[in-house]
Amino acid sequence: MLVQKYKDMLSGKSVIRQLSEFATARGQEIGYENVFDYSLGNPSVAVPKAFTDAMIEMLQTEDTSVLHGYSPSLGITSVREAVAASLERRFGLPYRKEHIFMASGAAGALAHAFRLVTEPGDEVLTFAPFFPEYHPYVDLSGAVLKVVPPDTRTFQINFDVLEEMLTEKVMAVLVNTPNNPSGVVYSAETLKRLADVLTDRSRRYGHEIYLISDEPYREIVFGGTEAPCVSAFYDNTIMCYSFSKSLSLPGERIGYVAVNPRCKDAETMVNMCGQISRGIGHNCPPSIIQLAVAKVLDQTADLSVYETNMNLLYNELTRLGFECVKPGGTFYIFPRALEEDSVAFCQKALKYDLILVPADTFGAPGYFRMAYCIETKKVERSLPALRKFVKEIYGR
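Residue numbers (numbering that gives the first Met the number 0): 0 to 395.
So this is what it looks like as C-alpha cells:
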C-alpha cells in the first residue's frame, strides 16, 4: 500500500514550482524573453572562473578514483579542514574539521540538523515570513514546525509572540538571515536578544534549545549592510550553509553543517550526522564538487547584479504605492499586494505576463514575493508591464 502522507502531498505542490512551470509553458507560447518570471530563486549569474578552472585542472590531472569515488561519510577531510579554517578566518570562532559535516546543499544540512536535536513530537519554531519548504523539512522528520507571525513593520523577530510560543516542547529555533522571502537581514541587536531569550529558557526548562541557522544567502548583502554571524551570538548554534547562491552552484547540491565549537558535544553531533545520513540517504555528496569548492571558499560569483535589480524594483514599487521593507540582501523583494487577497492579486498579474508568488504559504497573507535573480535588462523590460498592471487593475 502506498504511504498516504506522501500521496496527500501530491495535491499540495509548491506554489513556486507551479508558477515556474506556468512561466515555462507561457514562454513556449510567446517566447520566454517576454515572460517576466519572478517565481523561482535560481541564481542567474555566472559561476566564478576560478571554480571552472579548478574543475578543469582536476579532471585533467587528478586520479579519477579520487574525483569520482565515495567520500568519507563526514566529507573529505581536507575539505572539512579548509571550511573550518575559512570560518575561523571570517568569524573568529575556533572551528576545526571536527565541527564540519559536508552535506547535499542547505536542504541536506537542515535535514541532518533537525534530526540531531529533535525527537518525534518535539517542536521547532521559525519566524514568518519563511521558506515554505520548511514544513516538509521539519514535519517529515517527525518534529512539528510552529510559526511565529511576522512583525510586518521591519520583518525582524516578533519577540512578544516568540516568548509566548517558546514552551518546554521547543527543542530548536530556526532562523534564516538574510531572509527568504523578505530580503531582511537580522540585526546584531535582534540576534543578541534572541540569544538571551534562548539562554534564559534553556536554563528554565533544563534542556538545551538549539538555534539552527539556515544561511544560503549569507554573502548576498547590499549597500554596506552588515550580516552578523549568527553563531557568534549563541553557543548552541548549528550553521547550515549552501554554496548554491554564493557560487551560483544550485545544481551541484553542496553545503555543510558547522556546529559551533562552543556547543556542548559539538564533535559528537558531527559524528552523529554521519549516522543520520545512513537513514535519510543524504550521504557522501560528490567528491569532485567538494574538492572544487574547497579551492574557492573565500570567493563568490559576481553578486552585484542582484543589488542593481533590487534597487530598480524597490524604487518602482514604492513609486507605484506598494508598501515594502527595503531588502538588505538575498535576491528577493517582498511587497504588500494592492488588495487583501494576494493570491487574486498574483492571478491578475499573470494576464500581464508577470509571474509573482503569493505569500500565503510563506506565513504572510497579503504579501507577494519577487525573485529578481534574472538579467537586469529583463527587470527593466518588466517595469512597463508592472505599471500597466497597476494602472489598469488598481487605477494607480
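Quick reminder that beta carbons are idealized off the backbone N, C-alpha and C, glycines included. These numbers were taken from a predicted model, which means no experiment stands behind them.
**OP:** Please classify Val-414: does DSSP put it in a helix, a strand, or coil?
**Re:** Here the chain covers residues 0 to 395 and nothing more, so residue 414 does not appear.
**OP:** Find the nearest neighbour of Leu-311 within the set Ile-332, Asp-301, Leu-302 and Leu-296, judged by alpha-carbon distance.
**Re:** Ile-332
**OP:** Compute the Euclidean distance between the alpha carbons of Asp-213 and Cys-239, then round it to the nearest angstrom.
**Re:** 5 Å
Subject >> Cβ-based neighbour list, Pro-260, same chain, cut-off 8 Å, excluding 5 preceding and 5 following >> reply: Leu-92, Pro-93, Tyr-94, Arg-95 and His-98
Subject >> At least 3 beta-carbon pairs within less than 8 Å: the region 315 to 333 vs the region 181 to 195 >> reply: yes
Original post:
So who's on the other strand from Ser-13, going by DSSP bridges?
Top reply: According to DSSP, Ser-13 bridges with nothing at all.
Original post:
Could you give the residue range of the alpha helix (DSSP H) that holds Thr-236?
Top reply: Run containing Thr-236: none in the alpha helix (DSSP H); it sits in the beta strand (DSSP E), 236 to 241.
Original post:
Can we say the region 134 to 144 touches the region 315 to 324, given the rule of at least three CB pairs closer than 8 Å?
Top reply: no
**OP:** Give the DSSP bridge partners of Val-137, in chain order.
**Re:** According to DSSP, which records beta bridges pairwise, Val-137 is partnered with nothing at all.
**OP:** Could you have a look at Arg-192 and say whether DSSP puts it in helix, strand or coil?
**Re:** helix
Original post:
What are the residues that DSSP puts in a beta bridge with Ile-279?
Top reply: Paired residues: none, contrary to the question.
Original post:
Do Asp-234 and Cys-272 have their C-beta atoms within less than 7 Å of each other?
Top reply: no
Original post:
Got a sec? Which residues, its chain only, sit under 7 Å from Gly-68 by beta carbon, not counting five neighbours each side?
Top reply: Ser-286
**OP:** Determine, using beta carbons only, whether Ala-265 and Val-258 come nearer to each other than 7 Å.
**Re:** yes
Original post:
Since Ser-381 and Leu-337 are thought to touch, with beta carbons under 8 Å apart, how far apart are those beta carbons, to the nearest angstrom?
Top reply: Contact doesn't hold; Cβ gap of about 17 Å is too wide.
**OP:** Please say whether Phe-388 and Ala-343 have beta carbons closer to each other than 7 Å?
**Re:** no
Original post:
Alpha carbon to alpha carbon, how far is Val-160 from Ile-253?
Top reply: 35 Å
Original post:
With which residues is Gly-107 paired in a DSSP beta bridge?
Top reply: None; Gly-107 has no bridge partner.
Original post:
DSSP beta-bridge partners for Ser-212?
Top reply: Val-174 and Met-238
Original post:
In the DSSP assignment, what residue or residues form a beta bridge with Leu-353?
Top reply: Phe-35
Original post:
According to DSSP, is Tyr-313 helix, strand or coil?
Top reply: helix
Original post:
How about Arg-401 and Val-34: are their beta carbons less than 7 Å apart?
Top reply: No information on residue 401 is available, as it lies outside the stretch 0 to 395 that the chain covers here.
**OP:** Look up Arg-368 in the DSSP assignment and give the residues it is bridged to.
**Re:** Val-356
Subject >> Same chain, Cβ closer than 7 Å to Ser-341, five either side skipped, listed in chain order >> reply: Pro-357, Ala-358, Asp-359, Pro-364, Gly-365, Tyr-366 and Phe-367
Original post:
Based on Cα-Cα distance, which residue from Thr-23, Leu-210, Gly-205 and Gly-280 lies nearest to Val-116?
Top reply: Leu-210
**OP:** Could you pull out every residue in the same chain whose Cβ sits closer than 6 Å to the Cβ of Ser-103, ignoring the five residues on either side in sequence?
**Re:** Arg-252, His-281 and Pro-284
**OP:** Note down the Cα distance separating Arg-114 from Tyr-136, rounded to an integer number of angstroms.
**Re:** 10 Å
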